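For reference, the structure discussed in these notes is given below.
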Amino acid sequence: MELQEPTKVEIDGSREPYLKARDLARMLSIQEGTIQDWYRRYPDFPAIRLPGSIRVRASEVRAWLHKFTRAQKEIA
Numbered sequence: 018m019e020l021q022e023p024t025k026v027e028i029d030g031s032r033e034p035y036l037k038a039r040d041l042a043r044m045l046s047i048q049e050g051t052i053q054d055w056y057r058r059y060p061d062f063p064a065i066r067l068p069g070s071i072r073v074r075a076s077e078v079r080a081w082l083h084k085f086t087r088a089q090k091e092i093a
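Just so we're aligned, residue 18 is where the sequence shown starts under the numbering used here, counting upward by one.
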């Protein structure tokens with residue numbers, strides 16, 4: 018299955034596309050449900066809610082994951 022070109026909308030001065038959770042899940046080789054779980058469990062997860070779906074920017078999620086994993090290592 019081929020990824021469709023995301024719609025490019027300028028928000029917050031950035032033209033980076035917002036991706037559907039399933040598209041980002043494919044990029045990260047994880048389940049789509051994992052992204053949805055992060056959205057529900059973590060208030061600081063970088064996503065926007067649209068009717069019927071959430072949208073994310075890949076760079077913001079990668080930065081969040083880096084910060085999250087560093088914090089988890091500090092706790093351990």
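Glycine residues also receive a C-beta, built at the ideal position from the N, C-alpha and C atoms.
Predicted, not measured: the structure shown is a model, and the values here were computed from it.
Do you know how far the Cα of residue j is from the Cα of residue i?
| i | j | result |
| --- | --- | --- |
| Pro60 | Val78 | 13 Å |
| Pro34 | Arg74 | 6 Å |
| Ser76 | Asp54 | 19 Å |
| Arg87 | Gly69 | 32 Å |
| Ile92 | Leu82 | 15 Å |
| Ser31 | Phe62 | 18 Å |
| Lys84 | Lys90 | 10 Å |
For residue i, is the classification buried or exposed, using 16 other Cβ atoms within 10 angstroms of its Cβ as the cut-off for buried?
| i | result |
| --- | --- |
| Ile71 | buried |
| Ile47 | exposed |
Is residue j closer than 9 Å to residue i when the C-beta atoms are compared?
| i | j | result |
| --- | --- | --- |
| Glu49 | Ala64 | no |
| Lys67 | Ile52 | Note on identity: in this sequence residue 67 is Leu, with Lys being the wrong assignment. The answer is no: Cβ separation not under 9 Å. |
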